[in-house]
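What follows is one structure encoded as structure tokens, with my remarks underneath.
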Amino acid sequence: MAETRTVATASKRVASGAAKRSPFALQIPRGERRFRRSRRTQRWVKPSAIAAGVLVFIGAAAYALPLGKLGAIDFTAKVNDVMVAAGFGIDQVNVSGQHYSSDSDVFDALDLPNVKTFAAFDSDAALKRIERISWIDTAQITRVYPGTLDVVVRERTPAFLLQRGETNFLVDATGRTLGPAARGSNWNLPRVTGEGAESEAILMLSALRQYPQIERQYAYGERIAERRWRIVLKNGTALELGADREIEGFEEVATAREATSALKGSPMVVDVRTPGRIAIRPLDGNSGRTASKVGAQTVSLVSERP
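Residue numbers (this note's numbering): 172 to 477.
Put into structure tokens, the structure is as follows:
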């Protein structure tokens with residue numbers, strides 16, 4: 172049995188050796204073998220070779236030229252040319268999300284005429300410049316390989332109209348002026364006017380929303396002396412509010428029977444600048460009435476001069 176195993180083993184060895192030495196097997200000497208390169212590696216071979224060649228040329232020129240002529244060479248432009256030739260240039264810009272802001276303003280903020288490669292592109296500085304555009308709230312810049320910039324912006328939302336002369340300007344809730352409203356546009360927004368109105372309007376309008384019966388009759392608000400509001404209603408009635416007393420003034424107008432009757436009737440002046448006291452007079456100012464309030468109870472009305 173042992174001999175049989177030995178012979179069988181020997182036969183297997185002979186057969187294996189014969190297979191290895193098969194005359195039909197292709198034998199290539201090690202020194203002549205070639206290996207296939209991946210496409211990813213080949214993709215960068217040509218640009219890298221171009222970049223290396225141009226850099227060597229610039230280095231040789233800098234070494235060979237006298238120092239006096241080196242200053243006349245724009246090495247920054249040469250490096251940009253190298254980066255562009257190597258495939259690192261900015262070839263395309265896509266801007267999305269803008270509706271009211273200008274495309275040209277966004278492109279100007281990117282400063283592409285002076286920044287032609289990703290190596291020279293400062294994305295943080297570009298974002299700050301883009302977000303300084305009046306309509307734009309935030310922006311995001313993404314590089315899409317190999318040479319594309321994607322810019323996505325989010326615009327601000329107008330909160331009210333600021334009237335200056337004959338022009339209405341759109342203003343957001345932070346008081347930032349976005350731009351003029353086109354004539355004939357259908358912006359359904361409350362209107363304010365007066366010096367300093369843009370920075371204080373949102374507080375007054377927030378207080379107004381708590382009193383729908385007054386808000387429905389609202390025509391516009393006028394900032395007086397940069398310290399208080401005059402609210403003009405659709406029927407011409409003027410509500411004179413005290414400085415920093417918007418909520419209290421609206422509350423007194425909404426709860427006093429004599430004041431609420433002026434919301435839809437003949438135009439009146441309803442003066443609630445003094446806490447606990449309501450003065451009502453016709454808009455022409457010939458005569459008027461004063462109502463003093465003790466708690467929630469209204470006392471007598473008396474005639475007075477404005």
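Beta carbons: idealized from backbone N, C-alpha and C, even for Gly. Nothing here was measured: the structure is a model prediction, and the numbers come from that model.
Judged by DSSP in its simplified three-state form, R428 adopts helix. The C-alpha of I307 is placed about 16 Å away from the C-alpha of D321. Shortest Cα-Cα distance from R354 to any of T445, T364, L341, G346 involves L341.
Distance from E369 to T348 at the Cβ level is roughly 6 Å; contact confirmed, criterion being Cβ atoms closer than 8 Å.
Going by beta carbons, T319 and N265 fall inside the 8 Å limit. Using a 10 angstroms sphere on the CB of N357, the tally of other CB atoms stays under 16, which defines it as exposed.
Of the other Cβ atoms in all chains shown, 16 or more fall within 10 Å of the Cβ of E423; this residue is therefore buried.
Distance check between E397 and each of S273, K435, G365 places G365 closest, using alpha-carbon atoms only. Sequence-distant Cβ neighbours of Q311 in its own chain, meaning closer than 7 Å and more than five residues away, are V323. When only Cα atoms are considered, S275 and I385 end up about 43 Å apart.
Comparing C-alpha distances from Q269 to each of E302, D262, Y316 shows the shortest one belongs to E302.
Between A430 and V441 a beta carbon distance of about 5 Å is seen, short of the 8 Å cut, so the two are scored as contacting.
For V264, the enclosing beta strand (DSSP E) has its first and last residue at 263–267. The beta carbon of Q381 sits closer than 8 Å to the beta carbons of I418, F421 from its chain, once the five residues preceding and following it are set aside; these are given in chain order.
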